[in-house]
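Student: Handing you a structure now.
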Amino acid sequence: MVEIDLPGIYRRYIACLNRQDWPMLGQFVADDVTHNGRRFGLSGYTAMLEQDFREIRDLHFAIALLVAQPPFVASRLQFDCTPAGMFAGLPVNGRRIAFTENVFYQFRGEKIVEVWSVIDKAAIEAQL
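If you want our numbering, it's the 1-based position in the sequence shown plus 710.
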């Protein structure tokens, strides 16, 4: 059995997001991907990310913690950015905020098939 380098794949996935290289996203994300229990599919997942980058012009994904136990990857992502309007149901309106997101991914082979994410909304509220 061939061992898959999930941490390496995940780091390349995050680099793809930060480059906004949407044509390459399918290299990392399965066509039938789900996010927090909702079936998005690759096109819906891509649309969600594109919208995030439109609403947060300085969005950058920074890996703070990464743990892999195939077929799962767990990551704590750090953000320091300025969302234009509402974010996570909060009126951020262009103020700079810093927060984290805890994300769990399930892989099938080398592609992400499920994503579960939770944003630290309390940290954002404390800054507003």
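Ideal Cβ positions, reconstructed from N, Cα and C, are used throughout, including at glycine.
Here the structure is a predicted model, which is why all the values come from computation and not from measurement.
Expressed to the nearest angstrom, what Euclidean distance is found between the alpha-carbon atoms of residue 743 and residue 734?
Tutor: Each residue's alpha carbon lies about 15 Å from the other.
Student: Within the same chain, show all residues whose beta-carbon is closer than 8 Å to that of residue 827, passing over the 5 residues directly before and after it, in chain order.
Tutor: Around residue 827: 745, 746, 811, 812, 813 and 814.
Student: Using only the alpha-carbon positions, how far apart do residue 763 and residue 769 sit?
Tutor: Answer to the nearest angstrom: the Cα atoms are 6 Å apart.
Student: Looking at the strands, I want to know which residues DSSP matches up with residue 745.
Tutor: Residue 745 is bridged to 748 and 825.
Student: Leaving out the 5 sequence neighbours to the left and right, which residues in its chain are closer than 6 Å to residue 778 when beta-carbon positions are compared?
Tutor: Excluding sequence neighbours, residue 778 sits near 716 and 717.
Student: Does the beta carbon of residue 747 sit closer than 8 Å to a beta carbon anywhere in chain C?
Tutor: The displayed structure is made up of one protein chain only, and chain C is not part of it.
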